[in-house]
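In terms of mature numbering (1 follows the signal peptide of the UniProt record, and there is no 0), the sequence shown is residues -23 to -1, 1 to 368.
Okay, structure first, notes after.
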Amino acid sequence: MLKKWGILILTFLLLSGCFPISPEEDQVVEERNENEQEQVVEVVPQIITPDNYYQSVLYDGSYLHGESRGFGNSVVYNRLDLDQLEIGLTRIAQQYFDPDRYFFREGQFIKRNTLNSWLMRMDEESNPQGLNPALGEEGTMREREESQPRYLSHILEHNYLVENSNGQLNLGGIVIGLSMNSVYNFRVEDEQGRYNFYELPIPNDVIEREGQRIAAEILTRLRSESMEEGAFEDIPIVFALFQEQPRESVIPGHFIGRAKAEPRSNLDRWQRINERYYLFPSSEANQEARNEADQFQRFQDDVQSFFDTYIGVVGKGRYVDNQIQELKIEIPLRFQGKAEIVALSQYVAGQLQQRFQGNYKVSVTITSVSGNTESVVVQNPNDEPFIHVFD
């Protein structure tokens, strides 16, 4: 019955803390609890969706948050960047770890204090583990900052578990996302105690070079004896480079490269990722994504005709290899009743079918002036749109 319903529930004796390796475990790490206490491990029910999300692992019925929970909000300025880093990293993981076999867990091995020291500047005395370069030695403080900008903004770790022949969940892979600054923002205090703020754009080739350098160093640290007694030597580790947008951008950043280190090996050749976002409407989208820009304009006109006052409709399209993968549209309403929300949602669903017929997902979120989501309309490829109106 469980198999028929597509639900996988696993209960194990989870043992974590040290990671014994045996050849018959096919390069996975068995987790052991130092207190050897019995712990119930479950996998959330599998829901079949076009996005093919990983099933998450629960411990005693609870979701296990990562060591860096909440840390990203302190180091990544734009929430759009952070959201795209998190969900995009799972899409990259799917290239290496099959969602039908592997299960997702937030990162547990790069501890919070370790993460903090890695993100800071390297200082031979106070912070030798820093992955950002040491401050420049010559010139004014501004010149010292600009000569050695902070390239690395954030490190995000994901763990992927797999069931072994004994019915135990083992660590089968690690994915590390490196979020890189495209603009280095810093401040310098003057003689009067006032702060002056500066921005330094970082060239794309420098972002790529520094990201690869940092990935190689993190791999060495993860594979060292000081990290879980060297257990990660036998674990495949994937790195992905994410380039953030400037702070005030209305579109998120994008991934620029990925590479995998097989067990007991260095990183393979880096593969570039041609990913980017377009804002609709915009002159850039009109020039470089003309087909979707025309479709969006017609849809925008349709929605506008539904009202007797102007409504600002905004879309964000994600492209990979110059092909659109997903379009998210937001319709903010200033005044509305529930009946109007229902009517608009039904109207939007009909217009989606007429205007967007490509092989990509289109979702529309209708919001109120307070920012609350009133309804969602989603059209998946080759499917009828579906509507959910919130009470």
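A virtual CB, placed ideally from N, CA and C, is assigned to each residue, including glycine.
| query | result |
| --- | --- |
| Assign Asp360 to one of three DSSP states: helix, strand, or coil. | coil |
| Under the three-state reduction of DSSP, which class applies to Tyr324: helix, strand or coil? | helix |
| Going by beta carbon distance, what residues of the same chain come within less than 7 Å of Ser(-2), once the five residues before and after it are set aside? | Low confidence applies to Ser(-2): its pLDDT is 31, below 50, so where it sits in the model is not reliable, and the reading given next is rough at best. Here the set comprises nothing. |
| Count the other C-beta atoms from every protein chain shown that fall within 10 angstroms of the C-beta of Glu102, then say buried if there are 16 or more, exposed otherwise. | exposed |
| Do you know how far the Cα of Pro223 is from the Cα of Thr350? | 27 Å |
| On the DSSP bridge assignment, give the partners of Gln300 in chain order. | Val297 |
| Please classify Ile64 as buried or exposed, where buried requires at least 16 neighbouring CB atoms within 10 angstroms. | exposed |
| Can you tell which of Gly234, Gly154, Val346 has the C-alpha that lies nearest to the C-alpha of Ile288? | Val346 |
| Would you be able to state if there are at least three C-beta pairs under 8 Å between the segment 123 to 136 and the segment 49 to 67? | yes |
| Report the rounded CA-to-CA distance for Ala236 versus Thr286, giving the unit in angstroms. | 50 Å |
| Can you tell me whether Ile234 is buried or exposed? The criterion is at least 16 other CB atoms within 10 Å of its CB, across all chains shown. | It is Gly, not Ile, that sits at residue 234 in the sequence shown. Per the 10 Å Cβ criterion, buried. |
| Whose C-beta lies closer than 7 Å to the C-beta of Arg68 among residues of the same chain, with five residues either side of it excluded? | none |
| Could you pull out every residue in the same chain whose Cβ sits closer than 7 Å to the Cβ of Asn12, ignoring the five residues on either side in sequence? | For Asn12, the predicted structure reports a pLDDT of 45, less than 50, and the residue's modelled location is therefore unreliable. A value from the coordinates is still provided. If we look at Asn12 and ignore the five residues flanking it on each side, it has no Cβ neighbours. |
| Could you give the DSSP three-state label for residue 369: helix, strand or coil? | Limits of the chain in this structure are -23 at one end and 368 at the other, which puts residue 369 out of reach. |
| Looking at the strands, I want to know which residues DSSP matches up with Lys315. | Paired residues: none, contrary to the question. |
| Hey, how far is the Cα of Val355 from the Cα of Asp278? | 19 Å |
| Kindly indicate which residue of Leu35, Glu168, Glu176 has the alpha-carbon position closest to the one of Val20. | Leu35 |
| Can you give me the C-alpha to C-alpha distance between Gly84 and Glu166, rounded to a whole angstrom? | 37 Å |
| Would Ile364 pass as an interface residue toward chain C - the criterion being a Cβ-Cβ separation below 8 Å? | Within the model displayed, chain C is absent; a lone protein chain is all it includes. |
| Relative to the C-alpha of Ala316, which residue among Ile212, Gln220, Ser352 is closest? | Ser352 |
| Starting from the C-beta of Gly43, find all residues in its chain whose C-beta is less than 6 Å away, skip the five residues before and the five after it, and write them out in chain order. | Glu83, Gly84 |
| Measure the beta-carbon distance from Arg275 to Arg332 and round it to whole angstroms, keeping in mind my assumption that it falls under 8 Å. | 5 Å |
| Arg253 by DSSP, collapsed to three states: which one? | strand |
| Excluding the five sequence neighbours on either side, which residues of its own chain have a C-beta within less than 7 Å of the C-beta of Phe232, listed in chain order? | Gly65, Ile69, Ala217, Leu218, Phe219, Ile250, Glu252 |
| Helix, strand or coil: which one does DSSP assign to Ile191? | helix |
| Would you please state the rounded distance, in angstroms, between the beta carbons of Asp58 and Pro229? I believe it to be under 8 Å. | 5 Å |
| Buried or exposed for His365, please, with buried defined as at least 16 other CB atoms from any protein chain shown within 10 angstroms of its CB. | exposed |
| Counting along the chain, where does the beta strand (DSSP E) carrying Phe219 start and finish? | 214 to 220 |
| Look at the alpha carbon of Ile153 and the alpha carbon of Gln313, and state the distance between them as a whole number of angstroms. | 44 Å |
| Between the beta-carbon of Glu239 and the beta-carbon of Tyr255, is there less than 8 Å? | no |
| Taking DSSP as the reference, what is the three-state secondary structure of Leu196? | helix |
| What's the gap between the Cα of Pro358 and the Cα of Val297? | 16 Å |
| If you measure between the beta carbons of Tyr161 and Arg119, is that distance less than 8 Å? | no |
| Put Thr67 into one of helix, strand or coil per three-state DSSP. | helix |
| Going by DSSP in three states, Asn90 sits in which element: helix, strand or coil? | helix |
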